[in-house]
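Numbering (my numbering), first residue to last: 1 to 140.
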């Protein structure tokens, strides 16, 4: 009798549990809309931030997928156009398509440093011997 009671309790417990599928909450798409300025620039691993005036340069992204360049400097593109991320939630690459030009893709890191969002863009603007990394920070 004791065995039947334990077996009945086990069956009741086993079949009374309701299984629910819980899907993980996905990462929110990265929002890079706004005006971004150069915080740090390196060329071939050497910091060139103070060697060149980056203070007036801005790249502006809007939510419709457009970008504009303000006060041009050596950059991946020289004219306004459209941009896209390879994955909206986990981007590793950004593609710039200048008006009337060909698409140019580069590595993209969307990081947080000291609680502030930053973009790291790595690119070679022409000469294969010069690789740049620009760290951009949103301009308030």
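We put the beta carbon where it would ideally sit given N, CA and C, even for glycine. As the structure is a computational prediction, the values presented were derived from the model and not from experiment.
- Contact between residue 97 and residue 81 holds, with the beta-carbon distance rounding to 5 angstroms and staying under 8 angstroms.
- If you keep only unbroken beta strand (DSSP E) runs of at least 3 residues inside the region 22 to 83, you get 34 to 43, 58 to 61 and 66 to 70.
- Here residue 72 is not near residue 134, since their CB atoms are 9 angstroms or more apart.
- Its chain contains 61 and 119 as the residues whose beta carbon lies nearer than 7 angstroms to that of residue 32, once the 5 sequence neighbours on both sides are disregarded; these appear in chain order.
- Assigned with DSSP and collapsed to three states, residue 131 falls in coil, not helix or strand.
- Our two residues, residue 44 and residue 27, have alpha carbons roughly 33 angstroms apart in a direct line.
- For residue 104, DSSP records a beta bridge to 96.
- Membership of residue 120 in the beta strand (DSSP E) is indicated by the continuous run 116 to 123.
- When C-alpha distances from residue 100 are compared across 136, 65, 77 and 128, the shortest belongs to 77.
- Around the Cβ of residue 90, a 10 Å sphere holds fewer than 16 other Cβ atoms; the residue is exposed.
- Exclusion of the five residues before and after residue 36 leaves 58, 59, 60, 61, 119, 136, 137, 138 and 139 as the residues of its chain whose Cβ lies within less than 8 angstroms of its Cβ.
- The C-beta distance from residue 69 to residue 55 rounds to 15 angstroms, too long to meet the 8 angstroms contact threshold.
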